[in-house]
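Residue numbers (this note's numbering): 813 to 1207.
Note that CB positions come from ideal geometry on N, CA and C, so glycine has one too.
A quick note: this is a predicted structure, and the numbers were derived from the prediction, not measured.
As structure tokens, the structure follows; a few thoughts come after it.
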């Protein structure tokens, strides 16, 4: 009898740990359910359970429409209800589950816990933004969007410091910007789908160069450590390097780095290793959803890592549709996921995939990512028309 009792202790503790992980934790934000308003478990019509805070984050602010992050069934925030079984289980196990037990799981979500420290922009200031970059010298944030002035520059506190790039039909105007980067000498480079060109401005908005007639659909753009510019051509399926004399406004050389890519869009360059990450997303959606592939090439353009939507789905409870890619300062690849409204770490290219959620709530439609020198993650949320700054507590 004593042996049975002594053996039941570890088994009971294991059962409690399993209950906390499987039943008492929101699988979107990884916080433990509770009786407080924001942590209350809510039933979705499909049967899945998330906390009230995540319901509010996932729901459209006006229509309250949302999709279940696990099965994608559509509903409205007002269609949810308290999950009484989970609330009763919390009451029954409240004394056995100490409030500190859930804390270690936060660190297990990724390289560091990220907290949103600042958000700026908003409707009227930004209109359907598509691209995001940081000035390496000043730290100012550059966004391209659908406003009357296509390029908007913010200071570190989120105030609008400058804007330029008229919307219009003239050759010097920006017609439909897709992405932006800022070079090491503070020139702003924009991919313009309207006239299929790459436009270079100085930081005050003076047009210095238009590279046209070379691209079918220029999409992603990024600066290399050597101050070159890499550009994806989504329609031609290629990746190009532009070498530009920026002060003189002269294109010195172009090189096609890679061909036979499948709808390449986002591109990122690691300043640690020189690796180039390309986000492939076929333009022809056809029937069903559109998958994505992340390919990472070495500085000499050798493929060193690759993962697609199917491979990622083996590690994540819902379908992943990557919309943006970047590197952190340790060389890890980060992607924005529009399906789960999240930012995910894929690990280093040689280790693909080591999938860890980094930001799992508070985003509506992330379309661009970048890291600051201070290890802050900037996310461009097009549905919120805002830039959201997450501070990394790397511990």
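Item: Test item: CB-CB of residue 938 and residue 1198 under 8 Å; Value: yes
Item: Contacts around residue 914, its chain only, beta-carbon distance under 6 Å, and the 5 residues preceding and following it disregarded; Value: Confidence at residue 914 is low in this model, with a pLDDT of 34, below 50, so the placement of that residue should be treated as unreliable; the coordinate-derived value is given next. So the qualifying residues of the chain are 844.
Item: Span of the alpha helix (DSSP H), counted from its first residue to its last, around residue 897; Value: 896-905
Item: Where residue 1067 falls, given that 16 or more other Cβ within 10 Å makes a residue buried; Value: exposed
Item: Distance CB(residue 965)-CB(residue 974) smaller than 8 Å; Value: yes
Item: N- and C-terminal bounds of the alpha helix (DSSP H) containing residue 870; Value: 864-870
Item: Three-state class that DSSP yields for residue 890 in the structure shown; Value: helix
Item: C-alpha distance - residue 1078 paired with residue 955, whole-angstrom precision; Value: 15 Å
Item: Exposed unless 16 or more other CB atoms sit within 10 angstroms - verdict on residue 1121; Value: buried
Item: Assigned secondary structure, residue 1121 (DSSP; H/G/I helix, E/B strand, else coil); Value: helix
Item: Assigned secondary structure, residue 1203 (DSSP; H/G/I helix, E/B strand, else coil); Value: strand
Item: Alpha helix (DSSP H) runs contained entirely in the region 1129-1181, provided each spans 4 or more residues; Value: none
Item: Residue 1113, buried or exposed, once every other Cβ within 10 Å from all chains shown has been counted against 16; Value: exposed
Item: Cβ-based neighbour list, residue 957, same chain, cut-off 7 Å, excluding 5 preceding and 5 following; Value: 938, 939, 940, 941, 942, 964
Item: Inter-residue Cα distance where the pair is residue 1179 and residue 1203; Value: 18 Å
Item: Beta-carbon spacing of residue 999, residue 976 below 8 Å; Value: no
Item: Nearest to residue 846 (by Cα), restricted to the options 857, 968, 862; Value: 862
Item: Reference residue 860; option with closest CA among 1196, 887, 877, 1055; Value: 887
Item: Member of 1001, 1035, 1032, 1008 whose CA lies at the smallest distance from the CA of residue 1021; Value: 1001
Item: Nearest candidate by alpha-carbon position, reference residue 881, set 1132, 949, 1011; Value: 1132
Item: Residue ranges of each beta strand (DSSP E) within the region 958-984, 3 or longer; Value: 961-966, 972-978
Item: DSSP-derived helix/strand/coil call for residue 874; Value: coil
Item: Close beta carbons around residue 994, own chain, < 6 Å, minus the five adjacent residues each side; Value: 945, 947, 954, 1000
Item: For residue 851, three-class secondary structure by DSSP; Value: helix
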